[in-house]
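Contents: one structure, followed by commentary.
Number of protein chains: 2
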Amino acid sequence: MARWQSGSRERLAASALRLFASQGFEGTTVAEIAAEAGLTERTFFRYYTDKPEVLFAGQGEFEALFLDGPETSTSTSPMELVASALDGAAAYFPDERRSWSRSRQVVVTGNVALHDRELHKMSALADALTAALVKRDVDPTAAALAAEAGVSVFRRAFAAWIAEGETRPFVDIQRGVLHQLQALLGSR
Amino acid sequence: MARWQSGSRERLAASALRLFASQGFEGTTVAEIAAEAGLTERTFFRYYTDKPEVLFAGQGEFEALFLDGPETSTSTSPMELVASALDGAAAYFPDERRSWSRSRQVVVTGNVALHDRELHKMSALADALTAALVKRDVDPTAAALAAEAGVSVFRRAFAAWIAEGETRPFVDIQRGVLHQLQALLGSR
DNA sequence: CGTTCGATGGCAGTGACTGACATGAACGAT
DNA sequence: ATCGTTCATGTCAGTCACTGCCATCGAACG
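Protein chains in written order, with our numbering: chain A, 1 to 188; chain B, 1001 to 1188.
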């Protein structure tokens, strides 16, 4: 019964995901999560700003991968910069993570508050990518359009990647979706 | 002191916008809004599902305009269907509405919860547009990409439309942004 | 005039989140 | 070894969004 078991943050996240999966997001109380982790409600809020946030840790690492491409790429074409961001992001989704991503996504899409938080994160990602493109001298409006299209491609690719029966690696799927986008607009 | 003043819903919305503008969203209590409208907190929640929602009435009308185009258009090209949706939506933003839109947007962008609700609405709009495209026999992935790109164009156009000093009508701005998107991908 | 209906009020309760303060394990300094 | 500081955590009281339940009362209708 050590008072200071280490890894409180991780234990909270694990307990939360398990409880959300078994009794739903709304059916789970923050006090319950904390109790499962051997902690207090008050302590939960010291690690996570709010209840949804507990499922969105590790987002920072992903965002870093996403933004690394455009900053190091030598290209100046907006869509090529976006493509480099997408390739970088794909590194965050090796095949070993596919199964875990599937279960997590079930929980997230099963609740409005969590879905909204996801939208928020994707929007922030698009904003960051937009800023990265602007820093590379892309016109602001073009940067925003390209960045949001890029995030759309990522989201579609992710959805396909975790679809039942899908076995192709993330990069391949995502490149296919990107080509579909280019065909959509390049065809005229 | 008639117990049943009519237009309770509208009075609540008006009081809310005014209070949010003057004391901020978080600095305003639902009880306050209700009191300003001569009603009770309990009654507020009979008209609006939650506090943010009070700023998003009339969204249904806009969505209808947005979805009308793709359903009546004779084209089969995804981007042409999207273009018809955008033209339809523009009808919701006559010049008389510009000033009101400006003040409302200040409030919305000034608060995370409201911004998130906006993202939610835009996401729902994209989903509805995607469904409309699919119903017109567009491939699901292409439909999603085109719909989200279309919503991006709308959002950028809206931002430009309410920018300080801007006087061009909504349709014109939006068509310009759409062309920018096409140039972005069509150029290769 | 009485009955019914629908909009509203009153009220108690839950749960997310916050601020203020107390506590006690860990750890270094003496 | 003891003292003192630090810091993760506990405790507690409070605010506010939101809900369920039931009472109320004006209005419409027969």
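Even glycine gets a Cβ: it sits at the ideal position worked out from N, Cα and C.
Kindly indicate which three-state DSSP category A131(A) falls into: helix, strand or coil?
In the structure shown, A131(A) falls within a helical segment according to DSSP collapsed to helix, strand and coil.
Taking the alpha helix (DSSP H) that I1033(B) falls in, what are its first and last residues?
1030 to 1036
Thinking T1141(B) and V151(A) are a contact (beta carbons under 8 Å), I'd like their distance in whole angstroms, please.
Not confirmed; about 15 Å, so no contact.
For a contact meaning CB atoms closer than 7 Å, what does T109(A) contact in chain B?
From the beta-carbon of T109(A), no residue of chain B is found nearer than 7 Å; the closest lies around 12 Å away.
Please compile the residues from chain B whose C-beta is within a distance smaller than 8 Å of the C-beta of H179(A).
Within 8 Å Cβ-Cβ: nothing; H179(A) doesn't reach chain B, min ~11 Å.
So with CB distances below 7 Å, who are the chain A contacts of T1141(B)?
Residues of chain A with a Cβ closer than 7 Å to the Cβ of T1141(B) are, in chain order, R156, V177, Q180.
How should V174(A) be labelled, buried or exposed, when 16 other C-beta atoms within 10 angstroms of its C-beta is the threshold for buried?
Inspection of the sequence shows that residue 174(A) is occupied by Gln rather than by Val. Q174(A) should be labelled buried.
Using a Cβ-Cβ distance cut-off of 8 Å, determine whether A1149(B) contacts chain A.
yes
What does the alpha-carbon distance come out to for the pair S1015(B) and D1172(B)?
33 Å
Is the beta carbon of E1063(B) less than 8 Å from the beta carbon of A1128(B)?
yes
Whose Cβ in chain A lies nearer than 8 Å to the Cβ of P1078(B)?
Chain-ordered, the chain A residues with CB closer than 8 Å to the CB of P1078(B) read L184.
Out of F1154(B), D1087(B), A1144(B), R1155(B), point me to the one whose CA is closest to A159(A)'s CA.
With distances taken between Cα atoms, A159(A) lies closest to A1144(B).
May I have the straight-line CA-CA distance separating T1109(B) from H1115(B), to the nearest angstrom?
Straight-line Cα distance between these residues: approximately 6 Å.
Note down, in chain order, every chain B residue with its Cβ under 9 Å from the Cβ of D116(A).
D1116, R1117, L1119, H1120, S1123
Along chain A, in chain order, which residues have C-beta atoms closer than 8 Å to that of S1015(B)?
Taking a Cβ-Cβ cut-off of 8 Å, S1015(B) has no neighbours in chain A, whose nearest Cβ is about 25 Å from it.
Going along chain B in order, which residues have a C-beta closer than 8 Å to the C-beta of A144(A)?
Here the neighbours are S1152, R1156.
Using a Cβ-Cβ cut-off of 7 Å (strictly less than) and excluding sequence neighbours within five positions of R1018(B), which residues of its own chain qualify?
none
V82(A) and A34(A) - do their beta-carbons sit closer together than 8 Å?
no
With a CB to CB cut of under 7 Å and the five nearest residues on each side skipped, what residues in its chain are close to I162(A)?
R98, S101, R102, Q105
Give me the residue from Q180(A), S75(A), L39(A) with the minimum Cα distance to D137(A).
S75(A)
With DSSP as the reference, label R1151(B) as helix, strand or coil.
According to the sequence shown, residue 1151(B) is Val rather than Arg. Helix at V1151(B).
What does a CB cutoff of less than 6 Å around E1148(B) pick up in its chain, not counting 5 residues either side in sequence?
A1126
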